[in-house]
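The structure under discussion appears below in the form of structure tokens.
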Amino acid sequence: MNLTFAITRMVILVMAFGFIFSCSSTSHFERAETYRAENNLTEALRAANQAVANNPDDAEAHLFIAEVVAELSKNFSPKDRKPLYRDMVKAADNARTAATEETHNEINRRADEILESRRQVEDQGAQTILSSNETLGEENRRAAIAHLENNRILSPEDNRIYETLFELYYELDDFEAATETLAAMYEAGFASSRHITTLGFLYYQSGQYEEAVPFLSRSWNDGAGLINSGRGLANALTKLGRQDEAAEILERLSRLDGQTVESKLAYGRVLAETGFAQLQEILALSPGNTSQAGELYAAAMETFSRAEVEMEAAYVLNQDHLLTNKTIGIWHRNLAFMLREIYELQPELSGTERQQQLEEHFYQSLNYLEFVTEQNPADTQTWAAMADVYEALSMFEEAEAARAQAGTL
37 MNLTFAITRM VILVMAFGFI FSCSSTSHFE RAETYRAENN LTEALRAANQ AVANNPDDAE
97 AHLFIAEVVA ELSKNFSPKD RKPLYRDMVK AADNARTAAT EETHNEINRR ADEILESRRQ
157 VEDQGAQTIL SSNETLGEEN RRAAIAHLEN NRILSPEDNR IYETLFELYY ELDDFEAATE
217 TLAAMYEAGF ASSRHITTLG FLYYQSGQYE EAVPFLSRSW NDGAGLINSG RGLANALTKL
277 GRQDEAAEIL ERLSRLDGQT VESKLAYGRV LAETGFAQLQ EILALSPGNT SQAGELYAAA
337 METFSRAEVE MEAAYVLNQD HLLTNKTIGI WHRNLAFMLR EIYELQPELS GTERQQQLEE
397 HFYQSLNYLE FVTEQNPADT QTWAAMADVY EALSMFEEAE AARAQAGTL
């Protein structure tokens with residue numbers, strides 16, 4: 037008997053609380069409608085939010101919030117509407133979720149109408165600016181971007197919005213925003229092979245090599261912009277210390293691209309980077325570790341030999357190519373200085389012939405770098421590199437003159 041009474045009492049309490057909450061939700065919603073009728077949209081929104089907090093399954097209340105936020109957005113400039121639009125989209129989605137089987141179609145239709153009304157406003161605003169006969173300066177571009185960014189929230193699957201946004205950001209040299217736009221486009225699933233290639237290069241140019249590799253790799257494997265993608269991928273891999281992978285790509289690229297200065301020079305540079313990495317391992321060894329040092333030295337010299345073949349091939353193809361001359365000159369300089377350091381730490385690797393070869397690297401460096409400064413006297417980096425070489429060869433007057441050029445131009 038007592039058990040029956042307890043259960044009955046519990047049922048009554050549950051029903052009572054349900055009734056109270058229902059009345060509370062209804063009360064808040066009614067107040068929200070009253071505030072809206074009085075054009076007090078802020079209080080209407082506050083009351084409606086309280087209504088859905090009490091009853092999350094009230095589709096009408098969620099839809100009401102979307103409508104009020106849409107009205108409120110009219111009081112804000114385009115660049116300040118984004119947070120409101122996010123709330124509006126969320127409210128519309130909540131309404132769809134809360135709709136019953138009987139009200140589903142009607143709720144969907146009304147939610148679509150609310151969003152579409154604002155889409156049209158933002159689209160018209162953007163098109164008015166973009167179709168103007170006036171020069172599209174930075175201010176107009178930024179104004180168009182504000183409308184398009186709003187529509188990106190309202191129409192996240194419209195690839196035309198992303199396309200236009202990317203172009204505007206790129207024209208403004210806002211590469212960070214341009215990259216973010218293409219990345220979002222890729223995540224949404226409608227980036228073309230051209231977009232993927234461009235995204236890879238944008239990541240590369242900003243120094244985000246890890247992020248660049250997957251996109252440049254996909255572009256390379258898909259054959260989109262094959263030559264440029266291959267070079268970009270090899271460069272990114274080299275920056276990450278993955279010289280072996282870069283060399284493999286550039287070797288393939290050299291066969292595809294034929295006998296061009298660019299392909300030969302790129303392949304040679306990556307091989308040189310690999311050789312320097314091998315020599316760097318020698319510097320990390322303790323003095324007297326002759327056996328391992330000798331093996332690393334032999335491997336590095338073999339790699340440098342291959343690198344020199346490729347770079348010299350680039351030079352033969354165009355002896356006046358400044359980048360080729362500068363690259364070879366800097367390579368000889370860096371190699372000579374690193375070998376001198378290695379011979380000091382590991383004397384057993386040195387010898388009369390190798391010391392002569394080291395000096396020859398310095399003179400070879402001057403030969404190429406002097407040509408660069410003759411053709412481009414304003415290249416302070418090359419003047420500075422020459423000064424180091426002159427000093428290493430005890431040509432102190434020439435070193436001083438080169439440093440003066442590097443410091444004054």
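Count along the sequence shown from 1, then add 36; that gives the number in our numbering.
Built from N, CA and C at the ideal position, the CB exists for glycine as well.
Assigned secondary structure, residue i (DSSP; H/G/I helix, E/B strand, else coil)
i	result
Glu138	coil
Phe100	helix
Glu124	The question names Glu, but residue 124 in the sequence shown is Met. In this structure, Met124 counts as helix in the three-state DSSP scheme.
Asn144	helix
Ala320	coil
Phe112	coil
Phe226	coil
Met347	helix
Leu276	coil
Glu74	coil
Asn85	helix
Glu193	coil
Ala414	coil
Gly259	coil
His64	helix
Gly173	coil
Met431	coil
Leu208	coil
Gly387	coil
Ser58	Note on Ser58: pLDDT 43, under 50, position unreliable in the model; no value is reported.
Val425	helix
Asn354	coil
Ser242	coil
Thr200	helix
Asn187	helix
Asp94	coil
Thr233	helix
Gln382	coil
Thr310	helix
Ala296	Before going on, a small fix: residue 296 reads as Thr here, not Ala. Residue state, collapsed to three classes: coil.
Beta-carbon spacing of residue i, residue j below 8 Å
i	j	result
Ala461	Ala87	Here the chain covers residues 37 to 445 and nothing more, so residue 461 does not appear.
Ala95	Thr164	no
Gln314	Leu321	no
Leu405	Met422	yes
Ser113	Arg155	no
Leu402	Leu375	no
Asn141	Arg132	no
Leu429	Phe398	yes
Lys118	Asn186	yes
Val408	Gly365	yes
Ile232	Arg254	yes
Glu317	Leu307	no
Leu99	Ala147	yes
Leu289	Glu377	no
Thr363	Met337	no
Gln355	Glu309	no
Whole-number beta carbon distance between residue j and residue i, since they are thought to touch under 8 Å
i	j	result
Leu371	Phe340	7 Å
Asn266	Trp256	The question names Asn, but residue 266 in the sequence shown is Gly. Correct: roughly 5 Å between the Cβ atoms.
Ile26	Arg122	Because the chain in this structure spans residues 37 to 445, residue 26 falls outside the shown range and cannot be described.
Gly387	Ala343	About 22 Å separates the two Cβ atoms, so there is no contact after all.
Val104	Leu81	5 Å
Leu208	Leu184	So it is not a contact: roughly 13 Å between Cβ atoms.
Glu384	Thr326	5 Å
Met124	Ala135	So it is not a contact: roughly 17 Å between Cβ atoms.
His357	Gln400	Contact doesn't hold; Cβ gap of about 17 Å is too wide.
Sequence-distant residues of its chain with Cβ nearer than 7 Å to residue i (five each side left out)
i	result
Asn195	Met221 and Phe226
Tyr245	Ala272, Lys275 and Leu276
Arg67	Ala83
Glu193	Ala224
Ala442	Thr416, Trp419, Ala420 and Ala423
Lys115	Ala182
Phe237	Gly268
Pro323	Leu381 and Gln382
Ala335	Gln314
Proximity test, Cβ basis, 8 Å: residue i and chain D
i	result
Ala329	Within the model displayed, chain D is absent; a lone protein chain is all it includes.
Beta-carbon contacts of residue i that lie in its chain and below 8 Å, excluding the five residues immediately before and after
i	result
Leu235	Thr215, Leu218, Ala219, Tyr222, Ala227 and Phe251
Glu287	Tyr303
Leu204	Arg177, Ala180, Ile181 and Leu184
Arg439	Trp419, Ala420 and Ala423
Leu108	Leu77, Thr78, Leu81 and Leu120
Own chain residues within Cβ distance below 6 Å of residue i, not counting five before or after
i	result
Tyr351	Thr360
Phe65	Ala87 and Ala97
Glu427	Ala435
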